[in-house]
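Engineer: Per mature numbering (1 follows the signal peptide of the UniProt record, and there is no 0), the sequence shown runs over residues -21 to -1, 1 to 262. Where is the CB? At the ideal position from N, CA and C, for every residue including glycine.
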Amino acid sequence: MVPVLRALPVLGATLIVAACAAPAEQRPVVTSTTYVTASPPAMSETAPEPATTAGNELDAVARSVVSVFGGSVGIAVAGADGVISGGDDGAYPAWSTIKVPIAVAATRVAPDQAQLYAPAAIHNSDNVAAESLWALVTPGDVNQVLADAGVDASVNTLPIRTEFSTFGQTALSASQEATLAGHLACVAGAKDVLELMGNVSPDQAYGLGQLPGARLKGGWGPSPSGGYQVRQVARVTNTRGNDVALALTVIPATGEYASAQAMADAVAAELRPLLDALPTAAC
């Protein structure tokens, strides 16, 4: 607010500076006193957009963790207005996180059989169970789940690295995985899979699994050079009880799985106080 200035004598009249502008549709009445309308003070700067602020915070978290561990960190959060990322948002093998849309697809086409294999595939990340789910579906079934979740990607079917599953080599960015998490609650067939994600094996509940209300699926594996990559996709809960859809990629400089776990824990620790300020999931 512009402060009211003291009256000054002007040619026998009293000059009073108004504290705020008169409405446009009303003109000041001139009697023996003259009123001068003060212009509102100019804003010194434009307030940052919420998405920009969140992106800066995610970038800061990524830089902080990399400063300790080296390597690279990618973090993404998906809200109703889109996805925001910080750090390295490159596309890397999804590893076992791709078991989530596979389990959803299997639940759609063969629900009774899916119930036999999905718990082990999600809870323990069991690869044999995941292969059994994969046998129940077509790649198109999985692609439809991804599309329904707003992810513009296709499950890999080529033997890129023969020692690993074809589907685990599906290349997804942290932004794409966060998008999957953000829409998962609205995707047909995903309800039971989300419940399984809320009860993963304790040895896999590091990183985003340390956050409140985590429904999580992790994946990990070595790059062609041998260094480990860890992927996580999750829905967590802020203090208002709203879901926040997150994904991360961590690649430690040491290449060790234990270092990747520690990096994921560090990311989660820095995200925890930010949860209330981050966008909430689309559904």
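#1: Using only the alpha-carbon positions, how far apart do E174 and T259 sit?
#2: Near A82, which residues of its chain fall below 7 Å by C-beta distance, leaving aside the five closest residues on each side in sequence?
#3: Near H162, which residues of its chain fall below 6 Å by C-beta distance, leaving aside the five closest residues on each side in sequence?
#4: Are the Cβ atoms of L257 and A157 separated by less than 8 Å?
#5: Straight-line CA distance for A126 to A114?
#6: Does DSSP put R219 in a helix, in a strand, or in coil?
#7: By alpha-carbon positions, which one of A59, I54, G177, K78 ends up nearest to G69?
#8: Near V44, what residues of its chain come up, given a Cβ to Cβ distance below 8 Å and the 5 sequence neighbours on each side ignored?
#9: Who are the Cβ neighbours of N178 in its own chain at under 7 Å, not counting the five residues just before and after it?
#10: Tell me whether K170 is buried or exposed, calling it buried when 16 or more other Cβ atoms sit within 10 Å of its Cβ.
#11: In the DSSP assignment, the beta strand (DSSP E) including G53 goes from what residue to what residue?
#12: Alpha carbons only, please: which of Q208, L190, E235 is nearest the one belonging to L253?
#13: Span of the beta strand (DSSP E) holding V62?
#14: Can you round the beta-carbon distance between A193 and V215 to whole angstroms, since I take them to be within the 8 Å contact cut?
#15: Where do the ends of the alpha helix (DSSP H) carrying I113 lie?
#16: Applying the 10 Å Cβ sphere with the 16-neighbour rule, what's the burial state of V223?
#17: Can you list, in chain order, the residues of its chain whose CB lies under 7 Å from that of V121, leaving out five sequence neighbours each side?
#18: Whole angstroms is fine: what's the gap from D255's alpha carbon to G220's?
#19: Which residues in the same chain have their Cβ closer than 7 Å to the Cβ of L151, if we skip the five residues on either side of it in sequence?
#20: Buried or exposed: where does S104 fall if 16 or more other Cβ atoms within 10 Å of its Cβ makes it buried?
#21: Do you know offhand how far D67's Cα is from T149's?
#22: Curious, which full-length alpha helix (DSSP H) runs of at least 4 residues does the stretch 142 to 227 contain?
#23: Using a 10 Å radius around the Cβ and a threshold of 16 neighbouring Cβ atoms, would you call E24 buried or exposed?
Structural biologist: Reading from the atomic positions:
#1: Taking the sequence shown and counting its residues from 1, one reaches residue 174 at position 195. Taking the sequence shown and counting its residues from 1, one reaches residue 259 at position 280. E174 and T259 have their C-alpha atoms roughly 19 Å apart.
#2: By 1-based counting over the sequence shown, the position of residue 82 is 103. Here A82 has A93, A97, A100, I101, L112, V172 as same chain residues with Cβ atoms under 7 Å from its own Cβ, once five neighbours each way along the sequence are excluded.
#3: Along the sequence shown, one-based indexing puts residue 162 at 183. Closer than 6 Å at the Cβ level, and outside the excluded window around H162, lie A128, G129, A261.
#4: Your numbering for residue 257 matches position 278 in the sequence shown. Your numbering for residue 157 matches position 178 in the sequence shown. Contact flag unset, no.
#5: The sequence position of residue 126 within the sequence shown is 147, counting from 1. The sequence position of residue 114 within the sequence shown is 135, counting from 1. A126 and A114 have their C-alpha atoms spaced approximately 20 Å apart.
#6: Taking the first residue of the sequence shown as 1, we reach residue 219 at position 240. Coil.
#7: Looking up residue 69 in the sequence shown gives position 90. Closest in alpha carbon position to G69, among A59, I54, G177, K78, is I54.
#8: What you label residue 44 is simply residue 65 of the sequence shown in a count that begins at 1. Result list for V44: V52, V229, M242, A245, V246, E249, in chain order.
#9: Mapped onto the sequence shown, residue 178 falls at position 199. The residues are H102.
#10: Residue 170 sits at position 191 when you count from the first residue of the sequence shown. Counting the other Cβ atoms within 10 Å of the Cβ of K170 gives fewer than 16, which makes it exposed.
#11: On the sequence shown, residue 53 is found 74 positions in, with the first residue counted as 1. Segment 51 to 58, the beta strand (DSSP E) holding G53.
#12: Within the sequence shown, numbered from 1, the residue matching residue 253 stands at position 274. For L253, the nearest C-alpha among the options comes from L190.
#13: In the sequence shown, residue 62 corresponds to position 83, counting from 1. If you look at V62, you'll find it in the beta strand (DSSP E) that goes 61 to 66.
#14: For this step, residue 193 is matched to residue 214 along the sequence shown. For this step, residue 215 is matched to residue 236 along the sequence shown. Correct: roughly 5 Å between the Cβ atoms.
#15: Sequence index remark: in the sequence shown, residue 113 carries index 134 (1-based). The residue asked about is misnamed: residue 113 is Trp in this sequence, not Ile. It spans 106 to 115 - the alpha helix (DSSP H) in which W113 sits, taken as one unbroken run.
#16: Along the sequence shown, one-based indexing puts residue 223 at 244. Classification of V223: buried, given that the 10 Å Cβ count is 16 or more.
#17: Indexing the sequence shown from 1 puts residue 121 at position 142. P80, I81, A84, V134.
#18: Against the sequence shown, residue 255 aligns to sequence position 276. Against the sequence shown, residue 220 aligns to sequence position 241. Each residue's Cα considered, the two are about 10 Å apart.
#19: Translated into positions along the sequence shown, residue 151 becomes position 172. So the list reads A70, A73, A132, once near-sequence residues are dropped.
#20: For the purposes of this step, residue 104 is taken as the residue at position 125 of the sequence shown. The residue is buried, with at least 16 neighbouring Cβ atoms inside 10 Å.
#21: The residue labelled residue 67 in the question sits at position 88 within the sequence shown. The residue labelled residue 149 in the question sits at position 170 within the sequence shown. Computed Cα separation, rounded: 17 Å.
#22: Listed in chain order, they are 153 to 162, 170 to 176.
#23: Residue mapping note: residue 24 aligns to position 45 of the sequence shown, counting from 1. Residue confidence is low: E24 scores 47 on pLDDT, short of 50, so the model does not pin down where it sits. Its coordinate-derived value is still stated next. In the assembly as shown, E24 is an exposed residue. Its beta-carbon has fewer than 16 other beta-carbons within 10 Å.
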